[in-house]
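Have a look at the structure below before the remarks.
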Amino acid sequence: MVVSTIVLYFYVKNLLREEVEEELFSTLSRVEIALTNNKTQFSLAPLVDVSEVPEIKAQILKDTIIYDPSQKEMEEFRELTTFKKINQKNYKISVRNLVIESEDILVAIILSYLIIIVSVFIILFYFSKVRNKKLWLPFFKNLESMKSFSLISDKPISLVDSEILEFSELNTEIEILTNKVRGDYKNLKQFTEDVSHELQNPLAIIQAKIENIINGDNLNDNQFGHLTSIQKDIQRLTQMNKRLTLLTKIENNQFAKVEQVIITDLVQETITNFLEITSSKIEYHKKDVIYVQMDRYLAEILCNNLISNAIKHSPNKGNIVVEVMGNNFSVSNEGNLALENPEKLYSRFYRESETNKSTGLGLAIVKRICDLYNFSITYHFKEDKHIFTINFNGHI
Amino acid sequence: MKILIVEDEQALQQSISIYLEKDGNLCEVASDFKEAVYKVHLYDYDLVILDVNLITGSGLDVLKVLKKQKKECGIIIISANNSLDDKLNGLDLGADDYITKPFHLAELNSRIKAVLRRGKYGGDDMLIFNEIKVDTKSRTAYINSKSLQLTRKEYDLLVFFMTNKGRVLSKEIIAEHLWGDNSDLADNFDFIYVHINNLRKKLTAEGAKYIKTAYGSGYKFIED
């Protein structure tokens, strides 16, 4: 591009110069003829300049710069000066012609190049844009459906067919993959469901038998202690089972019933219930009334799990502060240190400390419920307090 | 009382009947759907304990048969399924109560008695133990016709003790009866002591010293 610009520039310049020179020579010969015929001396400054001189010199061809009053600027001229003896008189004849300024040539070349480039670019750009849009349309549509694909919804992924071989191959592979994942997920869910269901019978038998043993004779205090401790563990197992089943049910979307729940009142009820069995102090700041459209049972579980989590994890029966304000429901309990792995908080069976006997499912359930209704749940540690906040977004 | 236990798990069937027979009930068992329908047709029971998930059929179908025959008997459903829908389904079909596996026998016993007390099946709303009399309809307790001022939990506790008289009740069972699933919140059972002690004081003040400690940490409601 640059090279062609330079070459073109010099070529055009040369061409013009030759043309100008040719014109100069022809003008000169005309002036000579005129002088020979008319014998009068005339000038047409700055183009033709005739003057009488005492002697004859060699012909000169040069560039010169003369002020042009009509243009009001200095212009470059090509000048041909020749000395001729006509009718016994020595004349100096200068003919000049305007030379096209070299910058103008350059500018013209560059400008035309630029116009060509820009217009080609714009045309190509829009052309390829339109073309690409058409070509990639199935790809982007599929990308969208992949983004919205969820194992929980139990719907197969629907992909748009494409004429492009690579894309249709990709589609086939994605379909195979998602079907396999869906199948595995379904099996896993079924397994969890079956296990929790099947566990209940043996648990019921163990529990019934222990009660009969306790009510039998020949038992000492020590044995009784062991038996009640087993009862406690059975209860834990039962809780775990119930919660696992609940998780599966939420995932299966088995809570489709939606009604208006007044969170503010529900929290009050939950706190009243808890106050009967805990020595922790629970403060309740009721600032706004929150109405939420959701399943009532899940709403109860949500409040229950968050508050009981705070009770379980507050050291030395510290203060628990529950607040309902604006769109937010927050529960905070005292703590010494921020959690080490807050990102794992909502995973099943994750416990920060091994000391307390929680099922490790409470917060996982809370998270699931929040996901189900698009509530957002956040955890932060501030001023020695663990604070969980649920934002009910626009569900009011 | 004549009770039919429909449950396909033999071990559970046996445990339930052992527990209930101690109270002088007469227990019969049915291990599958066919046997259950057969026995229900042939005999009259005061109460039927029905497992929903029988290998050969659904306990809810036995319930339908019972209702069709218009037999005057109480029905308690036991199920491994802790779903609200199942519960409502069972109650809609005419069951009197619903209990989820695993359960405490004392809890089942308490529910059985509650069902039988409801006048419908020939019982009455009064629960009587020596000088203690509990009117379960108005939820008030009397000792020698003098009314006792009890809190809600103390009242529940008294009824639970009276329906399971002579049994050893561990704090776990009591806690679960009073607070259900939330009872696992308490890492010690101090709050139970408080309720039991208060109830005990109120009873003892009237001369009814029936709440005894058993094996150091359990309780028993029994006459000397």
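Here the protein sequences line up with chains U and D, keeping their order. When the letters of the first sequence are read in order and numbered with the numbering used here, they come out as residues 1 to 396. When the letters of the second sequence are read in order and numbered with the numbering used here, they come out as residues 1001 to 1224. Cβ coordinates follow ideal geometry from the N, Cα and C atoms, glycine included.
Item	Value
Beta carbon of ASN142(U) nearer than 7 Å to that of VAL160(U)	yes
Residue nearest to MET294(U) in terms of C-alpha spacing, selected from GLU276(U), ASP371(U), VAL99(U), PHE381(U)	ASP371(U)
Inside the segment 1133-1170 of chain D only - beta strand (DSSP E) runs reaching at least 3 residues	1140-1143, 1146-1148
Reduced DSSP category for LEU345(U) - H, G, I as helix; E, B as strand; rest coil	coil
Residues of its chain near VAL1065(D), where Cβ-Cβ distance is below 7 Å and the 5 sequence neighbours each way are ignored	VAL1037, VAL1040
Cutoff 7 Å; reference VAL366(U); Cβ partners in own chain excluding five residues on either side	LEU302, ASN305, LEU306, ILE377
Under 7 Å between C-beta atoms of ILE1077(D) and TYR1098(D)	yes
ARG1200(D) versus LEU1150(D), ASN1164(D), ILE1173(D), residue with shortest Cα-Cα distance	LEU1150(D)
Cβ-based burial, SER112(U) [other Cβ within 10 Å; buried from 16]	exposed
Against chain D: residues of the segment 335-355 of chain U by CB proximity under 8 Å	none
Cα-Cα separation between GLN59(U) and VAL53(U), rounded to whole angstroms	14 Å
Within the segment 1038-1124 of chain D, ranges of the alpha helix (DSSP H) (whole runs, at least 4 residues)	1059-1068, 1084-1092, 1105-1117
Residue-level contact to chain U via CB, ILE1003(D), 7 Å cutoff	no
LYS1171(D) vs ILE1192(D) beta-carbon contact at 7 Å	yes
Whole-angstrom distance between LEU15(U) and TYR67(U), CA atom to CA atom	25 Å
Under 9 Å by beta carbon: chain U residues contacting VAL1168(D)	GLU211, ILE214, ASN215, LEU219, PHE224
Three-way DSSP call (helix, strand, coil) for ASN273(U) in this model	helix
ASN1182(D): contacting residues in chain U (beta-carbon distance under 8 Å)	ASN273, PHE274, ILE277, ASN304, SER308
THR81(U) - partner residues in DSSP beta bridges	ILE60(U), SER94(U)
Burial state of THR61(U), where buried means 16 or more other Cβ atoms lie within 10 Å	Here residue 61(U) is Leu; the residue named in the question, Thr, does not match the sequence. Exposed.
Rounded C-alpha distance that separates SER308(U) from ILE277(U)	11 Å
Cβ distance (whole Å) where TYR284(U) is taken to contact VAL322(U) below 8 Å	5 Å
Closer than 7 Å to chain D by CB, HIS197(U)	yes
Chain D within 7 Å of GLN205(U), Cβ atoms only	The displayed chain sequence assigns Ile, not Gln, to residue 205(U). Closer than 7 Å: yes.
Best match in ARG17(U), LEU106(U), VAL31(U), VAL118(U) for proximity to ARG78(U) [C-alpha to C-alpha]	ARG17(U)
Identity of the residue in VAL7(U), ILE234(U), LEU47(U) nearest GLU76(U) by Cα	LEU47(U)
Contact under 7 Å by Cβ, PHE375(U) with PHE392(U)	yes
Sequence-distant residues of the same chain with beta carbon closer than 7 Å to ILE210(U), five excluded per side	LEU227, ILE230, GLN231
Residue from PHE139(U), SER102(U), LYS84(U) whose Cα sits closest to the Cα of ASP63(U)	SER102(U)
Chain D contact residues for THR228(U), given Cβ-Cβ distances below 9 Å	SER1170, LYS1171, GLU1172, ILE1173, TYR1215, SER1217, GLY1218
Contact with chain U by PHE1161(D), beta-carbon distance below 7 Å	no
Of the residues PRO315(U), MET146(U), SER43(U), SER196(U), the one placed nearest LEU170(U), counting alpha carbons only	MET146(U)
Sheet register partners of PHE1221(D) (DSSP bridge)	ILE1211(D)
DSSP state of ILE6(U) mapped onto helix, strand, coil	helix
Paired residues, beta bridge with GLU323(U) - DSSP	HIS285(U), SER330(U)
Residue environment, VAL195(U), which counts as buried when at least 16 other CB atoms sit within 10 Å	exposed
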